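Engineer: I'd like to ask some things about the structure below.
Number of protein chains: 8
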Amino acid sequence: MLLEQRQKLLFIGDSVTDCDRAKPHGEGLFHALGNGYVSIVDAFLKANYPELGIRVVNKGISGNTVRDLKARWQEDVITQNPDWLSIMIGINDVWRQFDSPPFIKDHHVYIEEYQETLTALVKESKLQTENILLMTPPYYIEINENDLMRAKMDQYGKVVKQIAEEEGCLFIDTQAAFNKILKNLYAATIAWDRVHPNEIGHTILAKAFLNKIGFDWTK
Amino acid sequence: MLLEQRQKLLFIGDSVTDCDRAKPHGEGLFHALGNGYVSIVDAFLKANYPELGIRVVNKGISGNTVRDLKARWQEDVITQNPDWLSIMIGINDVWRQFDSPPFIKDHHVYIEEYQETLTALVKESKLQTENILLMTPPYYIEINENDLMRAKMDQYGKVVKQIAEEEGCLFIDTQAAFNKILKNLYAATIAWDRVHPNEIGHTILAKAFLNKIGFDWTK
Amino acid sequence: MLLEQRQKLLFIGDSVTDCDRAKPHGEGLFHALGNGYVSIVDAFLKANYPELGIRVVNKGISGNTVRDLKARWQEDVITQNPDWLSIMIGINDVWRQFDSPPFIKDHHVYIEEYQETLTALVKESKLQTENILLMTPPYYIEINENDLMRAKMDQYGKVVKQIAEEEGCLFIDTQAAFNKILKNLYAATIAWDRVHPNEIGHTILAKAFLNKIGFDWTK
Amino acid sequence: MLLEQRQKLLFIGDSVTDCDRAKPHGEGLFHALGNGYVSIVDAFLKANYPELGIRVVNKGISGNTVRDLKARWQEDVITQNPDWLSIMIGINDVWRQFDSPPFIKDHHVYIEEYQETLTALVKESKLQTENILLMTPPYYIEINENDLMRAKMDQYGKVVKQIAEEEGCLFIDTQAAFNKILKNLYAATIAWDRVHPNEIGHTILAKAFLNKIGFDWTK
Amino acid sequence: MLLEQRQKLLFIGDSVTDCDRAKPHGEGLFHALGNGYVSIVDAFLKANYPELGIRVVNKGISGNTVRDLKARWQEDVITQNPDWLSIMIGINDVWRQFDSPPFIKDHHVYIEEYQETLTALVKESKLQTENILLMTPPYYIEINENDLMRAKMDQYGKVVKQIAEEEGCLFIDTQAAFNKILKNLYAATIAWDRVHPNEIGHTILAKAFLNKIGFDWTK
Amino acid sequence: MLLEQRQKLLFIGDSVTDCDRAKPHGEGLFHALGNGYVSIVDAFLKANYPELGIRVVNKGISGNTVRDLKARWQEDVITQNPDWLSIMIGINDVWRQFDSPPFIKDHHVYIEEYQETLTALVKESKLQTENILLMTPPYYIEINENDLMRAKMDQYGKVVKQIAEEEGCLFIDTQAAFNKILKNLYAATIAWDRVHPNEIGHTILAKAFLNKIGFDWTK
Amino acid sequence: MLLEQRQKLLFIGDSVTDCDRAKPHGEGLFHALGNGYVSIVDAFLKANYPELGIRVVNKGISGNTVRDLKARWQEDVITQNPDWLSIMIGINDVWRQFDSPPFIKDHHVYIEEYQETLTALVKESKLQTENILLMTPPYYIEINENDLMRAKMDQYGKVVKQIAEEEGCLFIDTQAAFNKILKNLYAATIAWDRVHPNEIGHTILAKAFLNKIGFDWTK
Amino acid sequence: MLLEQRQKLLFIGDSVTDCDRAKPHGEGLFHALGNGYVSIVDAFLKANYPELGIRVVNKGISGNTVRDLKARWQEDVITQNPDWLSIMIGINDVWRQFDSPPFIKDHHVYIEEYQETLTALVKESKLQTENILLMTPPYYIEINENDLMRAKMDQYGKVVKQIAEEEGCLFIDTQAAFNKILKNLYAATIAWDRVHPNEIGHTILAKAFLNKIGFDWTK
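Now the structure itself:
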């Protein structure tokens, strides 16, 4: 188990992280952490390691791209001074290129800007902590050569992996965790619109996170 | 234009037809026809052929399978005695095999029951009218060899086509109408969850319907 | 078809244009364009010309007169820099002289101010684009020599036509489109209060617009 | 003043009478009489003739035609045993022929059925009381030769007058009361949709009623 | 009839005047004048004198004392520049001395302050118009020597009368109008809590007002 | 203290007893006893005599007259088999003769019916328990020779006293308890509409009740 | 892992099981299983063993005692014919003896009735399946010799254990699972009112359940 | 009775004092004092001593610690200039160390800061009045050696007693008042979550307060 006593673990991201958390500060009881993977991670940390007293903070905001994270990085991450930082961002950066509507180009965050911005944010936070986790933004759809968004999401995922390697972050391949399930469950069973996971999808995310930090399930 | 003066055109189906129509009877002003393709068809019929006085009735109910249609066919179709009857059913028959949850087999309507039931309903209505339109149930997702539900939907669509041919119904291939758009717009732009279309998706359905009945757009 | 690839088409007007659009910016999916003629125009543009990628923006605001448009022209039109601009305004300018209550004269916009202001707005926008459409503000009531508001609306409609000719705008005679229907449908079937059209009325407006820009319905 | 001490005055009709009255029984304080002309009549009766102790009962129901009145005449009129009975019905009988939608003929109540039914109801009530008032159903629109519904409403109004004469009822020509105002106020100032009057329109109705029963305004 | 063509009549007061009027400006259709005596006055003015085009404005605010009127006199009266001004104030000035709770003396407006302030407001408005009406604040309870608030209300009413005489205003004795009814109707039939009148009570107020301005009921 | 261990105390009456209690059965925590004098009595019984384990049940229903009590006596009183029974009824029996509206005579319960019915109910319950308390129905208004309802309420109160004497019930003179306060607090401070008491009024009722059963406040 | 392919696992109990599940049938997506331990169990079963296709059904109802379970056992358990059955009941059986209010003895389910009823239900279900799990009803409060409810809950827990042994059921000691956490977290951190657990408390319950059925967390 | 005529009694504290009082100022009728012990104290003061005209003000705010009181002492206490001041604070100071979550140390108010701050506030207010009452913050749970929060609450209670002695304040031992009841009623009967009392718990608090100020219950 990598986390140590009284450390603060901060999650930042988009709607998949947000999940109706308390605003402006997502910490504490009464669903303050939202109802997604962050809450599951917190509950298992408290259930298995109550003696550690880990503080979990949720700073996800629905609809965010990496461009939005940049705008609030100082207030929502740096001033929080976390011991551990988990970042999962990118679905909206790509989605806006395909959905509502694809023609509004100023809402798109292309891969160069994505890589550049995410790298800069990681570098800035490394001045505070070496404990940074990068999760690929998951897209819940079958692998499909004809699916353009599926292909683009994979490219963004590769960027995340590349940054993790370059900057020495822990890397969590959420797509790999999902692919294992996909052999038995259709994508729509896990995420109605292929983007927002239900309890099953969030549990997969939480498991991937906890496994990466050396969580002992049998403790 | 196939429809004649003072004829009654009745639509039956699932949530794609329903679209929050008035219950129990979907006819009249004030959104009584719902906000989907049925309403668009009605508005264009009234705008281009006001002299015909076509009555449009919406009898769609969200979540219905062909098994549900069978249970209410007498009340919602036969007693209405329509001059024209349009049927679009099948997405839930298939979806239940993939989504919520696929393990509840008694909610599934397999292809044999689907074919048998739909054929019987068409035969029963043919005693009242020869003017029956069969629309394939659309699934808004890219053609994909790996996508099991996509494949199964196409099989059900073929059954619809077969019944139309056997029973002498007008056949509307909604999937073909959609595929044309797909070259330029990603599926999620048309149907958030790949099943429930937005205004663009409903307009495609309405266009396919109106074209099939010989609607003159320039009138 | 007059519109070309990736152009932006902006609609401005009053409640007939607004139709509960997203505020402050009316663009995108999820009913952001409202539920009136603007949404119908957008859906048909995307359904028939998906390859063009036309951006449609709705800037209508309920209750507006041309005086209100003037106050927000810089922010809502000029800074948007549209390639195509459609203006439909005037019903409130006249209505306030007849309804609630006719005695509050400072709410009236008389025909001189109407003509002067609308001309100035068109001239200002012509510095950005030559593609301006002027739609007459429709009043859904039978032609009637005894009806004073009917008579006044026609005068305002003539002003719109005159400005279109003087400034070289495309002119859309919504009243003419309506009169054709009126032979078979009573006015109240199209607009409950003779001002706010229902789906039929909005379809008539959308058809008039699309026909004017050379829309190919059979594409 | 025709009404005498402790008499019961019952109003029956459609939405113009109903005006959100208490259901099932419209009598008493706290807006039980609704917010239309019935409430104004009651307030003036109590303000000018408190010593008479007149009971006012409102049995209007929105959307009713004379066919609906017939169905509930026994329960809502006969068993109430009123000393005075006021009937205003007919707008929906005609409106359904013009609005939502004109093609649904089974919702129409044509003039023969209207005359026959209303006559029968009056005859039945005359067994209880001789004090019956018939009000023409008002339509708030300018007199207009081109307006088909205006013309038809006048025909129904003439039927009301004819029945009043034949059966010896008091006759209230609401349209005449309205026409006087029309010279100075546009119809939309009095009734938004030309059918449901606002405070001004209801005051005109109440005045016509009170004048007919010999109300002394200066008492 | 004292009011002349196109004049503006402004009412100011407390909750009895307010009656849920539109805020901040109470003028126009759609219940903008509230549902009390102001609305009744307006409806009768428009019904009997439509040719005059009287503008009626309601500036009542619930809970106000004369001290509150003073604070907003400039904005709500002077800048409105009315041709006719009607003032009814004082119930809260007295009520606070008896109800909630009587011990909070800083909420009380004693008779000296009341007289002084009301006189000053009238004097200020007389610079704009000579047409000022003063209505005594009504308290709907039986005359009762044991009732301290009843006694005090009468003292405040006498002050209103005195100011009307000194400043040459029209004086409306609402209490006298009420006393006439009281012989036949118990106070609670007119005002549930003896302060806020229902439709009957408001009709009595409106009648008293209209009679004072020479309103012709038979016109 | 008259109540003994594990006894059940049942209150029945109108809105003053009801006070938004749980329906159909008013017993237990979470405001099941309503927010009036019954709840105060219960809280003091539990606070001062927790060892007794008294069960308190509230069976008040808003708007009830003694006629209504009779209709539900079997279900709400007899089958409950209370050890102690407290009855406070009569305000609506009288109020209906004065308020809404006084002309609806079939809603009135005159003093003969009142006396007869209440006596019968008491006699019926005496077969179950000798411990019956009769509270006079309070009317929160100054004693006033001119006030007809005040006078009638006192007559009904005298009937309650007479029945208590004849049937050997404990008698609680709520009016006397109120009169003591009246020397210092105006009636409106205790009951907004003179019928429904606030916290102060309910506390006076609870005190009168507790004093009558020998409650020791200093325990 | 004890569960096998396509088996149905049914949970029955009180509010801790219910957690706002879908009614009347708790099965499927969209929070149909509620937001408590049942949902966590289901998500982990689907995430780790998607190939098994386990059906999870939630039949908990808030406020139930074992007496309530008995009343609905036939409909909610026997007709469901589960392969696995998990029962957690008893907190309300005890709580009613201590809380709201303790004096209402007919709401209490004493230990003899509890043991007898639960045994009978288990015996009845054993005719259908041998796979029955009994969970002790958890009470989230520190062990405390002075706490009477704590002591009584432990007695009921012992009864559960005894039945499990006698009837050959799997036994889950939820209290033991909780006690481990209690060394580091105060009871109120896990259950606000000591009865209804939050996410942490439900995670502890789910873990205890999954461990008992041989769940492989690392799969 | 210690309070004298026309004195102002101000209560300050946390949610137990707040109880949904009017904001920003808690004084007057219509539940302005909330529904807790403050309202009960006020009602009994007015019921037994109406001649004194005591003003009661509630300045409790939910969630407050003594640190929060300090921040608003000037505005909510000093400028109110009370004759009597009652302070009950501390439950949140301690609770945050145990509940949501205990790991967020910046929300804790440890005993040194508590003592120091409360002493300073008392000293500051003593410059205005000598009549200060200090109530211990009650925690509704059985005395329990294993209960850490119970133990800590008692330490804070001792600090309150110590300050009362040092500064010459009246001291109210709410815990002692509660312990007396505890012999017969389980803690959960009085406070659902052991912190927020119900009507019984608030009555115990009000009784302790009134007894301390020499209230005569039999007056």
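Residue numbers (our numbering), protein chains in the order written: chain A, 23 to 241; chain B, 23 to 241; chain C, 23 to 241; chain D, 23 to 241; chain E, 23 to 241; chain F, 23 to 241; chain G, 23 to 241; chain H, 23 to 241. Yeah, the Cβ is synthetic: ideal placement off N, Cα and C, and Gly gets one too. Here the structure is a predicted model, which means the values were calculated and not measured.
(1) DSSP beta-bridge partners for residue 33(H)?
(2) Run the CB neighbour count on residue 47(G), radius 10 Å, all protein chains shown included, and call it buried at 16 or more, exposed below.
(3) Grouping DSSP H, G and I as helix and E and B as strand, with all else coil, what is residue 155(D)?
(4) Just the C-alpha distance for residue 230(G) and residue 227(A), rounded to the nearest angstrom, thanks.
(5) Give the secondary structure of residue 179(D) by DSSP, where H, G and I count as helix, E and B as strand, and everything else as coil.
(6) By the 10 Å Cβ neighbour count, where 16 or more other Cβ atoms means buried, how is residue 177(D) classified, buried or exposed?
(7) Which bits of chain C does residue 13(A) rub up against, with CB to CB less than 8 Å?
(8) Would DSSP call residue 232(C) helix, strand or coil?
(9) List the residues of chain C whose Cβ lies closer than 7 Å to the Cβ of residue 178(D), in chain order.
(10) Under 7 Å Cβ to Cβ from residue 232(G), same chain only, skipping five residues before and after it: list those, please.
(11) Short check: CB of residue 19(H) to CB of residue 168(G), under 7 Å?
(12) Any beta-carbon of chain D closer than 7 Å to the one on residue 188(E)?
(13) Could you list which residues in chain H have their beta carbon closer than 8 Å to that of residue 125(E), in chain order?
(14) By Cβ distance, which residues of its chain are closer than 8 Å to residue 182(C), with the 5 residues on each side in sequence left out?
(15) In its own chain, which residues sit with a C-beta less than 7 Å from the C-beta of residue 196(E), not counting the 5 before and 5 after it?
(16) Applying a beta-carbon distance threshold of less than 9 Å, which residues of chain K neighbour residue 170(H)?
(17) According to the neighbour-count rule (16 or more other Cβ atoms, all chains shown, within 10 Å of its Cβ), is residue 101(B) buried or exposed?
(18) Let me know the secondary structure DSSP gives residue 170(H) once reduced to three states.
(19) Taking all protein chains shown into account, do 16 or more other C-beta atoms lie within 10 angstroms of the C-beta of residue 174(H), making it buried, or fewer, making it exposed?
(20) When you compare only the Cα positions, how much space is there between residue 39(E) and residue 209(E)?
(21) Comparing the C-beta of residue 141(H) with each C-beta of chain F, is any distance below 7 Å?
(22) Which residues in chain E have a C-beta closer than 9 Å to the C-beta of residue 87(F)? List them in chain order.
(23) For residue 142(C) and residue 114(C), I'd like the C-alpha separation in whole angstroms.
(24) Run down chain G in chain order and give the residues with a C-beta less than 9 Å from the C-beta of residue 234(A).
(25) In chain order, what residues of the same chain lie with their CB nearer than 6 Å to the CB of residue 69(B), ignoring the 5 residues before and after it?
(26) When the Cβ atoms of the region 26-40 of chain H are set against those of the region 75-88 of chain H, are three or more pairs found closer than 8 Å?
(27) Would you tell me roughly how many angstroms separate the C-alpha atoms of residue 238(G) and residue 138(G), rounded to the nearest one?
(28) With a cut-off of 7 Å, does the C-beta of residue 241(H) fall near any C-beta of chain F?
(29) Please report whether the beta-carbon of residue 101(C) lies at a distance below 7 Å from any beta-carbon of chain D.
(30) Give the secondary structure of residue 48(A) by DSSP, where H, G and I count as helix, E and B as strand, and everything else as coil.
(31) What are the boundary residues of the alpha helix (DSSP H) that includes residue 66(E)?
(32) Taking beta-carbon pairs under 8 Å, can you tell me which members of the region 205-231 of chain H lie near chain G?
(33) Quick check on the DSSP output: the beta strand (DSSP E) that includes residue 193(G) runs from which residue to which?
(34) In chain G, what lies closer than 7 Å to residue 203(A) by C-beta?
Structural biologist: In brief:
(1) DSSP, once it has assigned bridges, lists 80(H), 108(H) as partnering residue 33(H).
(2) By the 16-neighbour rule on beta-carbons within 10 angstroms, residue 47(G) is exposed.
(3) Annotated three-state conformation of residue 155(D) is strand, per DSSP.
(4) C-alpha separation (whole angstroms): 21 Å.
(5) In this structure, DSSP gives residue 179(D) a helical state, which the three-state scheme calls helix.
(6) Burial is judged here by how many other beta carbons sit within 10 angstroms of a residue's own beta carbon; residue 177(D) has fewer than 16 and is exposed.
(7) Outside the displayed span of chain A (23 to 241) sits residue 13(A), for which this structure offers no information.
(8) Residue 232(C): helix per DSSP, three-state reduction.
(9) Contact annotation for residue 178(D) against chain C: no contact, minimum CB-CB distance about 16 Å [criterion: below 7 Å].
(10) Only 63, 66 meet the Cβ criterion.
(11) The displayed coordinates of chain H run from 23 to 241. Any statement about residue 19(H) would go beyond what the structure contains.
(12) By this cut-off, residue 188(E) is not an interface position.
(13) Per Cβ cutoff of 8 Å: 28, 75, 76, 77.
(14) Within the same chain, and ignoring the five residues on either side of residue 182(C) in sequence, the residues whose Cβ sits closer than 8 Å to its Cβ are 112, 140, 156, 157, 158, 159, 193.
(15) Only 157, 158, 160, 227, 230 meet the Cβ criterion.
(16) Absent here is chain K; the protein component of the structure consists of chains A, B, C, D, E, F, G and H.
(17) By the beta-carbon neighbour count (other beta carbons within 10 angstroms, threshold 16), residue 101(B) is exposed.
(18) Residue 170(H): helix per DSSP, three-state reduction.
(19) That one is buried.
(20) If you draw a straight line from the Cα of residue 39(E) to the Cα of residue 209(E), it is about 19 Å long.
(21) No, because no Cβ of chain F sits closer than 7 Å to the Cβ of residue 141(H).
(22) Scanning chain E for C-beta atoms nearer than 9 Å to the C-beta of residue 87(F) yields nothing, as the closest lies near 17 Å away.
(23) So the two alpha carbons sit approximately 19 Å from each other.
(24) Going along chain G, no residue has its Cβ under 9 Å from residue 234(A), so there is no contact; the nearest lies around 13 Å.
(25) Non-local beta-carbon contacts of residue 69(B) in its own chain, meaning distances under 6 Å to residues more than five positions away in sequence, are absent.
(26) Contact holds: three or more Cβ-Cβ distances are below 8 Å.
(27) Cα to Cα, the separation comes out at about 35 Å.
(28) It does not: the Cβ of residue 241(H) has no partner Cβ on chain F nearer than 7 Å.
(29) Proximity of residue 101(C) to chain D, defined by a Cβ-Cβ separation below 7 Å, is not satisfied.
(30) Strand.
(31) Judged by DSSP secondary structure, residue 66(E) falls within the alpha helix (DSSP H) whose first and last residues are 59-70.
(32) Sequence-ordered contacts of the region 205-231 of chain H with chain G read 207, 208, 210, 211, 214, 215, 216 [C-beta pairs closer than 8 Å].
(33) Per DSSP, residue 193(G) belongs to the beta strand (DSSP E) from 192-194.
(34) Within chain G, the residues near residue 203(A) are 69, 72.
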